[in-house]
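Just below is one structure, and these are the notes that go with it.
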Amino acid sequence: MASPTPIMTATRTVRRDGAAARRIDAEICVVGAGIAGISAALEAVRLGRKVVLVDGLHALGGQAVNSVIGTFCGFFSNGHSGYQTVHGIADGILRDLGAQGALHYRHGGPSNTIVVQYDEVALARWIERAIAAAGITVLLGAVLRQAERDGRRIRSIELATRYGDVSVAATGFVDATGDAALAWNAGLACREAADGPIYGTQMVVIEGIDEAHQPDRPNVAARLKQKAKDYGLTRESGFAFVFPGKSIALVNMTHVETPLDPVAMTQKSLEGKEQADRAVAFLRGEYPAAFGRARIRTYGALGIRQTRWIVGRQQLTVDDVRAGRNFPDAVARTGWPIELHDTPQGHVWEPFGDDHLHYVPMGSLVSPECDNMVAAGRNIDGDVAALSSVRVMGPCIAMGAAAAHALDLSGAGSVHQIDDAALRARVRDNVERRD
Ligand SMILES: Cc1cc2nc3c(=O)[nH]c(=O)nc-3n(C[C@H](O)[C@H](O)[C@H](O)COP(=O)(O)OP(=O)(O)OC[C@H]3O[C@@H](n4cnc5c(N)ncnc54)[C@H](O)[C@@H]3O)c2cc1C
């Protein structure tokens, strides 16, 4: 006779009042797991540091993955066949995604550089595997809600997760939140755009397209300008990038405000999806041979370009960008255009020539009020136009790596005391190498 199936038992449990937060200690805590934070975390591990990486989302990769940005910009110098201007994790991503057929290189075009289309699922898995292999302690779904300071040092951060509170204490911190959430919660001075919003974009991936009939980009741009209103579209510019051989395209045709108020932000995310639906209706209606049967496969999380950023020791200015000014403490470079999304209808686009590069100084990554925090990615200090040209993913990767090096060099001291030459030697590949 078969023995009866064992019945699992359960214990009765009640929440204890004032349950203590789980505590984690690290040498370097990276807040924000977008492309800048991933670069910072992996570089810090390479330097032998014990790293904790936290993000409020339930997936790694920030906007690069979760907003389906879909193209790497700022990886190459300008011109039709420029050289690679950023290394570190950029090398591994280009090598491994390239080997999987998950990349498509676009040369020239209005940006006068090489942009690399990528499959966001392949990028997500690359990041997850790299972070796991590095042995990094990762906390996802962990929203930073408070930072504790001892004078000029951040001592610890408090995070809320669905399974209870977590406190992370570290010697150094990277603010790679995109919105300067760490600097803000630590009471450090920040900036916000004063002359109206910088618009975000609801990106979508569409499938069921006929590649053979795809219209060229100038044609789509001209038609959008003429017909956007007929389809109820706010923005009158944008593009649909077809991914050759995969019958999918990446659509970037909406402009949506991204306010810092939580209720308003949620409402705008929903509006963004409506706008994206209209963008696809435009493509179907205007280009039936290519897009007549297109439907949306993925809506990304609303893409946020710029909200709040740190007040740094030095502010990168649009004059620095236009002049291609180099700095003794330069940590990143790019030739990407000024790309300012400051009106609902369109954007300012100021491309640069083949020999142009502009640089990001370490001074723009550090707050004059704090010794152990380095910002990286789209929340460093620049004026609005300068930031618009250095927030693409190439320089974000370089800034993340530089943040790890600056904290490694400063140890328990101050990021304001590190030697420019020592830092330069470590980040040389991202500011000088040309091959
Ligand atoms: C629509 C759009 C199109 C773009 N197109 C391109 C392009 O084609 N190519 C290109 O290279 N760049 C493009 N960019 C720019 C680029 O994608 C971003 O600037 C870059 O990805 C920013 O990376 P990041 O790591 O600085 O920030 P993010 O990717 O924004 O990552 C920040 C992370 O911090 C987390 N976080 C924030 N606050 C908290 C908190 N309080 N607690 C815990 N976690 C928190 C977030 O969840 C997020 O994962 C585009 C941007 C947008 C918006």
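Numbering-wise (the working numbering), the sequence shown opens with residue 241 and increments by one.
Every residue, glycine too, gets a C-beta built ideally from N, C-alpha and C.
Cβ neighbours of residue i in the same chain (closer than 6 Å, five flanking residues each side left out)
i, result
"residue 465", "476"
"residue 632", "313, 314, 576"
"residue 599", "566, 567, 570, 573"
"residue 309", "303"
"residue 650", "658"
"residue 676", "No information on residue 676 is available, as it lies outside the stretch 241 to 675 that the chain covers here."
"residue 276", "416, 616, 617, 636, 639, 640"
"residue 669", "327"
"residue 696", "Outside the shown range of the chain (241 to 675) lies residue 696, about which nothing can therefore be said."
"residue 409", "265, 396"
"residue 412", "268, 612, 647"
Boundaries (first-last residue) of the beta strand (DSSP E) holding residue i
i, result
"residue 589", "588-590"
"residue 256", "Per DSSP, residue 256 belongs to no beta strand (DSSP E) and is neither H nor E."
"residue 404", "404-415"
"residue 386", "383-390"
"residue 397", "393-401"
"residue 580", "578-580"
"residue 244", "Per DSSP, residue 244 belongs to no beta strand (DSSP E) and is neither H nor E."
"residue 326", "Per DSSP, residue 326 belongs to no beta strand (DSSP E) and is neither H nor E."
"residue 601", "598-601"
Residue from the options whose Cα sits closest to the Cα of residue i
i, options, result
"residue 459", "478, 408, 580", "478"
"residue 294", "652, 670, 272, 307", "272"
"residue 457", "270, 615, 493, 324", "493"
"residue 256", "620, 559, 341, 404", "404"
"residue 512", "500, 450, 439", "439"
"residue 194", "661, 292, 396, 642", "Residue 194 is absent from the structure shown; the chain starts at 241 and stops at 675."
"residue 355", "366, 383, 325, 379", "325"
"residue 430", "634, 397, 605", "605"
"residue 416", "550, 579, 327", "550"
"residue 349", "338, 590, 617, 652", "590"
"residue 420", "595, 366, 544, 298", "544"
"residue 674", "289, 318, 323, 472", "323"
"residue 525", "467, 487, 352, 452", "467"
"residue 628", "588, 594, 653, 652", "588"
"residue 580", "596, 435, 451", "435"
"residue 622", "656, 365, 433, 287", "433"
"residue 597", "319, 613, 625", "319"
"residue 182", "646, 656, 653, 347", "A query on residue 182 cannot be resolved here, the shown segment of the chain reaching from 241 to 675 and no further."
"residue 484", "414, 453, 297", "453"
"residue 486", "462, 516, 449, 515", "449"
"residue 388", "428, 245, 578, 518", "428"
"residue 558", "625, 508, 506", "625"
"residue 555", "529, 495, 258, 620", "620"
"residue 671", "418, 655, 634", "634"
"residue 499", "290, 330, 541, 437", "437"
"residue 667", "470, 266, 279, 586", "279"
"residue 469", "334, 660, 518", "518"
"residue 722", "463, 502, 413, 317", "As displayed, the chain neither begins before 241 nor continues past 675, which places residue 722 out of reach and without an answer."
"residue 329", "340, 418, 367", "367"
"residue 263", "340, 406, 376, 372", "406"
"residue 505", "585, 529, 547", "547"
"residue 644", "253, 284, 245, 244", "284"
The alpha helix (DSSP H) enclosing residue i, as first and last residue numbers
i, result
"residue 635", "633-650"
"residue 627", "624-630"
"residue 239", "Summary: the structure shown does not reach residue 239, with the chain confined to residues 241 through 675, and so no result is reported for it."
"residue 348", "Premise fails: residue 348 lies in the beta strand (DSSP E), 343-348, not in any alpha helix (DSSP H)."
"residue 379", "Counting along the chain, residue 379 falls outside any alpha helix (DSSP H), though it belongs to the beta strand (DSSP E) covering 377-380."
"residue 615", "From DSSP, residue 615 is part of no alpha helix (DSSP H) but of the beta strand (DSSP E) over 613-615."
"residue 361", "360-373"
"residue 334", "329-339"
Close Cβ partners of residue i (< 8 Å) along its chain, the five nearest in sequence each way excluded
i, result
"residue 520", "444, 446, 491, 531, 534, 535, 536"
"residue 385", "398, 399, 400, 425"
"residue 379", "264, 292, 293, 294, 295, 399, 401, 406, 408"
7 Å Cβ shell around residue i - same chain, five flanking residues per side excluded
i, result
"residue 608", "553"
"residue 360", "305, 308, 310"
"residue 342", "358, 359, 362"
"residue 383", "296, 399, 400"
"residue 515", "442, 473, 474, 494, 496"
"residue 654", "611"
Contact with chain D by residue i, beta-carbon distance below 9 Å
i, result
"residue 539", "The structure shown contains no chain D; it holds only a single protein chain."
For this session: Let me know the beta strand (DSSP E) ranges lying completely inside the segment 489-573, each 3 residues or longer, listed in chain order.
Result: Counting only runs of 3 or more, we get 535-539, 548-550.
For this session: Note down, one range per segment and in chain order, each beta strand (DSSP E) of at least 3 residues found wholly within the segment 423-500.
Result: Listed in chain order, they are 430-432, 444-447, 479-483, 488-492.
For this session: Please go through the segment 263-313 and give each complete alpha helix (DSSP H) segment of 4 or more residues, from N-terminal end onward.
Result: The alpha helix (DSSP H) runs of length 4 or more contained entirely in the segment 263-313 are, from start to end of the chain, 275-286, 302-306.
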